[in-house]
DNA sequence: CTTGAAAAACGTGATGT
DNA sequence: ACATCACGTTTTTCAAG
C-alpha cells in the first residue's frame with residue numbers, strides 16, 4: 019500500500035491551481051461558473067473539487083465576517099509565558115473564550131501566542147487579567163491591519 | 019441623512035445570527051439549505067444574505083486551504099522594529115511576498131508584526147534576511163497551532 | 001475527460017400579504 | 001420582511017465514447 023492519502027500532487031496542475039485561486043477568491047462560485055473559468059465541464063470540475071476536499075487540500079469554506087460589525091473593534095496579540103504545568107489549562111481557557119481568535123504554541127521565551135479580539139480597552143484588560151492566571155503576559159495592540167487573508171499559492 | 023451605512027444591527031437577530039454561524043461553518047451551503055436551517059424560504063434567506071454582503075457584515079467567502087499541502091510546512095510570527103522612514107517600504111515588501119500571510123502595524127517596541135509561512139528553516143532564514151533590511155527583527159516559531167478560524171459571535 | 005440526457009434541486013424575479 | 005408561485009438554470013447521476 020503505497021500512499022495512505024491519494025496525495026494532492028496531481029490536483030495542483032494548471033487547472034487545479036486555477037480552481038484553488040478562484041475558490042479562495044469566492045468560495046460560493048457555482049461549479050458551472052468555475053467550469054467556465056477553467057475551460058472544463060461542470061461535472062469534471064465538481065469531481066476535482068470533491069477530490070480537493072477529500073484529500074484535505076481544501077479544508078472548508080468560511081464566510082469572512084467583519085469583526086468590527088460584531089463589536090470586536092480592537093485586535094491584540096498576547097504572548098504568554100505559562101507557569102509550569104499550566105499549559106493544558108491555558109489551552110482549555112483559550113478554546114472556551116470567544117475572544118481568542120487564534121492560539122499557537124510557540125518556541126522562545128513565551129510558550130503561547132494568542133490573537134484576541136475585544137470591544138474596547140476595558141474588555142481587553144479583563145481578558146489580560148484572566149490570562150495572567152496562567153503565566154506572565156506581554157500584549158501587543160494592533161493599530162491597523164495592512165494585510166490578511168492572502169490567496170495562497172504552492173511553494174513546494 | 020441619518021446613516022451612511024444601513025447599519026447591520028437589524029441583521030443580527032436570531033435568524034441573522036443563525037445564518038452567520040452556518041455560513042462561517044460552511045460557506046457553500048445553498049440558500050435552500052440555509053432556509054431549511056433557519057425556518058424561512060429561500061428567497062427570504064437570499065435577500066438577507068445579500069444585505070449582509072452589502073452592509074459589509076459578510077466580507078467574502080474563502081476556501082480554506084491546507085498550507086502544508088502547498089509546501090508551507092512552518093509558520094512564524096516576525097516582529098519588525100522598522101528603521102525610520104522605512105514603513106512604507108516594508109508594507110510594500112510584505113504585500114509582494116506570498117510568504118507573508120498577515121501584516122499588522124502595532125503599538126509597542128516594534129512597529130510591525132508579520133505572520134509568515136515558509137517551506138523550511140532555510141526558506142524562513144532567507145525571508146528574515148530580506149526583512150532585516152527594513153529594521154531589527156525578532157521571530158517566533160509556531161510549534162503547533164491549537165486554535166484558528168473560530169466562528170465569531172457578536173459582542174456589542 | 002467529454003458528450004448527452006433526464007430528474008431533482010436550486011436561484012431569481014414578480015406578485016401579494 | 002416574508003410567502004408563494006413560476007420560470008430558467010444548475011446540479012447530479014447516469015450512460016457511452
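Protein chains in written order, with the working numbering: chain A, 19 to 174; chain B, 19 to 174. All residues carry an ideal CB built from backbone N, CA and C; glycine is no exception.
DSSP, read as helix, strand or coil, puts residue 80(B) in strand.
Per DSSP, the unbroken alpha helix (DSSP H) holding residue 56(B) starts and ends at 49–56. Setting aside the 5 residues that flank it on each side, residue 36(B) is surrounded in the same chain by 55 and 56, each with a C-beta closer than 7 Å to its C-beta; the list follows chain order.
Listed in chain order, the non-local C-beta contacts of residue 92(A) below 6 Å within the same chain comprise 136, local neighbours out to five positions each way being set aside.
Within its own chain, the residues whose Cβ lies closer than 8 Å to the Cβ of residue 146(B), once the five positions on either side in sequence are excluded, are 96, 155 and 157, listed in chain order. Burial is judged here by how many other beta carbons sit within 10 angstroms of a residue's own beta carbon; residue 114(A) has fewer than 16 and is exposed. Exposed is the label assigned to residue 103(B), since fewer than 16 other Cβ atoms lie within 10 Å of its Cβ. Close to chain A, meaning a Cβ-Cβ distance shorter than 8 Å, are the following residues of the segment 153–166 of chain B: 158, 159, 160, 161, 162, 163, 164, 165 and 166. Residue contact with chain A for residue 148(B): absent (no Cβ-Cβ distance below 8 Å to any residue of chain A).
When 9 Å is used as the limit between beta carbons, residue 58(A) is near no residue of chain B, the shortest such separation being about 18 Å. The DSSP-derived three-state label of residue 128(B) is coil. Following the DSSP letters along the chain, one finds residue 38(B) inside the alpha helix (DSSP H) bounded by residues 32–43. Within chain B, the C-beta atoms nearer than 9 Å to that of residue 116(A) come from 168, 169, 170, 171 and 173, in chain order.
Going by DSSP, residue 97(B) is part of no alpha helix (DSSP H) but of the beta strand (DSSP E) stretching over 92–100.
Of the residues 151(B), 80(B), 68(B) and 138(B), the one whose Cα lies closest to the Cα of residue 117(B) is 138(B).
The way I'd put it, the segment 120–133 of chain A doesn't touch the segment 72–84 of chain A; fewer than three beta-carbon pairs between them come closer than 8 Å. From the beta-carbon of residue 95(A), the residues of chain B found nearer than 7 Å are 131.
Judged by DSSP in its simplified three-state form, residue 171(A) adopts coil rather than helix or strand. The beta-carbon separation of residue 68(A) and residue 29(A), rounded to 11 Å, does not stay under the 8 Å limit for a contact. Fully contained in the segment 126–162 of chain B are the following beta strand (DSSP E) runs of length 3 or more, in chain order: 130–136. Residue 165(A) is bridged by DSSP to 121(B).
Using a Cβ-Cβ cut-off of 8 Å, residue 124(B) counts as an interface residue toward chain A, since at least one Cβ of chain A sits closer than that to its own.
An exposed status is given to residue 140(B), since fewer than 16 other beta-carbon atoms sit within 10 Å of its beta-carbon. When rounded, the separation of the alpha-carbon atoms in residue 88(A) and residue 38(B) is 11 Å. With the criterion set as a beta carbon lying under 7 Å from some beta carbon of chain A, the members of the segment 28–60 of chain B are 38, 41, 42, 44, 45 and 46, in sequence order.
Against chain A, a Cβ distance below 8 Å from residue 90(B) picks out 170 and 173. At least one CB of chain B lies nearer than 8 Å to the CB of residue 137(A).
Secondary structure note for residue 66(A): its alpha helix (DSSP H) is the uninterrupted segment 60–72.
In terms of beta-carbon proximity, residue 120(A) lines the interface with chain B, with at least one pair separated by less than 8 Å. Here the C-alpha atom of residue 109(B) lies approximately 13 Å from the C-alpha atom of residue 150(B). For residue 75(B), the chain A residues whose Cβ falls inside 9 Å of its Cβ are 83, 84, 87 and 88, in order along the chain. Using a Cβ-Cβ cut-off of 8 Å, residue 78(B) counts as an interface residue toward chain A, since at least one Cβ of chain A sits closer than that to its own.
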